[in-house]
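Notes to accompany the following structure.
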Amino acid sequence: MSSSSLQRHETAHAISNLPLFFRRWLADPLQMGSIVPSSRTLSSRIASLAAADGDGMVLEIGAGTGVISRALLDAGVAPERLALVEIVPDMAEHLRQSLPGTTVLCADAFALPQHLPERFAGRVSSVICGIPLVLLPIERQRLFIEGVECIAPGLGFLLYTYCITSPLPYRKLGLSAKRETWTPKNFPPASVWRYRPLPRG
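Offset between the sequence shown (1-based) and this note's numbering: plus 3.
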């Protein structure tokens, strides 16, 4: 293995931090949503979608061990443009150490307006959600959507999921839905959905 390949391998291992991921999965499987971190293919596709959304701030909610965060940086998102929200303190600290220059918020995804720094106001161009919204009651789903709408009006969000069909009852939630990509080689196979609020009136 060449030195550059070895460095990439070591960086990927440091970012994914499998022991930390599995400890958290064992502690709370429903909070994690998957038994393994996202694959490189899924991460790259999410990153390309987010990078194409504009040159504003990118907000990743439920960043976990930072696999997708690293893909965003590799896709050209500057660290100062990236904010990572992670409720688990150990994971948030891992993100701070492994992804210097990014903004890491150890915060509840359902209270985003209270936690997002003022410098992000009006500057968010892409929101990525990695938390398993499909497992939540519709009232919690609606609370999450309201929080995103508060910090990024009209923008909506990207949601990656392991459901074959839309994981959200988007019509009931006042959203439009589009499946942007599907990665059958991911384990388990994954889709990325884009949800946007429907115009009112």
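Positions of the beta carbon are idealized from the N, C-alpha and C atoms, including for glycine. Quick caveat: nothing in here was measured; it's all calculated off a predicted structure.
TODO: Hey, could you find the ends of the alpha helix (DSSP H) residue 44 is sitting in?
DONE: 43-54
Open item on the list: Would you call the stretch 115-128 in contact with the stretch 92-99, where contact means no fewer than 3 C-beta pairs closer than 8 angstroms?
Closed with: no
Open item on the list: Looking at the secondary structure, which residues open and close the beta strand (DSSP E) in which residue 132 lies?
Closed with: 127-132
- [ ] In angstroms with no decimal places, state the Cα-to-Cα distance between residue 232 and residue 142.
- [x] There is no way to answer for residue 232, as the model of the chain reaches only from 4 to 204.
TODO: For residue 132, collect the residues of the same chain with a Cβ closer than 6 angstroms to its Cβ; drop the 5 residues on either side in sequence, then sort them by chain order.
DONE: 64, 160 and 162
Open item on the list: Given this structure, state the Cα-to-Cα distance separating residue 192 from residue 165, to the nearest angstrom.
Closed with: 6 angstroms
Task: Other residues of its chain near residue 110: CB distance less than 7 angstroms, five sequence neighbours each side excluded - done: 88, 90 and 118
Task: Contacts around residue 169, its chain only, beta-carbon distance under 8 angstroms, and the 5 residues preceding and following it disregarded - done: 180, 182 and 196
Task: Whole beta strand (DSSP E) elements within the stretch 67-118, 3-residue minimum - done: 85-88 and 106-108
Task: Rounded straight-line distance, which links the Cα of residue 171 to that of residue 1 - done: Since the displayed the chain opens at 4 and closes at 204, residue 1 lies outside it and no answer follows.
Task: Extent of the continuous alpha helix (DSSP H) to which residue 63 belongs - done: Element bounds for residue 63: not the alpha helix (DSSP H) but the beta strand (DSSP E), 60-64.
Open item on the list: Less than 8 angstroms between C-beta atoms, sequence neighbours within five positions excluded: which residues of the same chain meet that for residue 173?
Closed with: 179, 180 and 198
Open item on the list: Here's the rule I'm using: 16 or more other beta-carbon atoms within 10 Å means buried, otherwise exposed. How should residue 148 be labelled?
Closed with: buried
Open item on the list: Are the CB atoms of residue 145 and residue 176 within a distance shorter than 8 angstroms?
Closed with: yes
Open item on the list: Given this structure, state the Cα-to-Cα distance separating residue 83 from residue 139, to the nearest angstrom.
Closed with: 32 angstroms
TODO: Rounded to whole angstroms, what's the CA-CA distance from residue 75 to residue 107? Just pull it up for me.
DONE: 14 angstroms
Open item on the list: Could you check whether residue 77 and residue 128 sit closer than 8 angstroms to each other, using their CB atoms as the reference points?
Closed with: no
TODO: Could you name the residues of the same chain whose beta carbon sits closer than 6 angstroms to that of residue 102, not counting the 5 residues immediately before and after it, in chain order?
DONE: 69 and 72
Open item on the list: Which same chain residues end up closer than 8 angstroms to residue 79 when comparing Cβ atoms and leaving out the 5 residues on each side of it in sequence?
Closed with: 54
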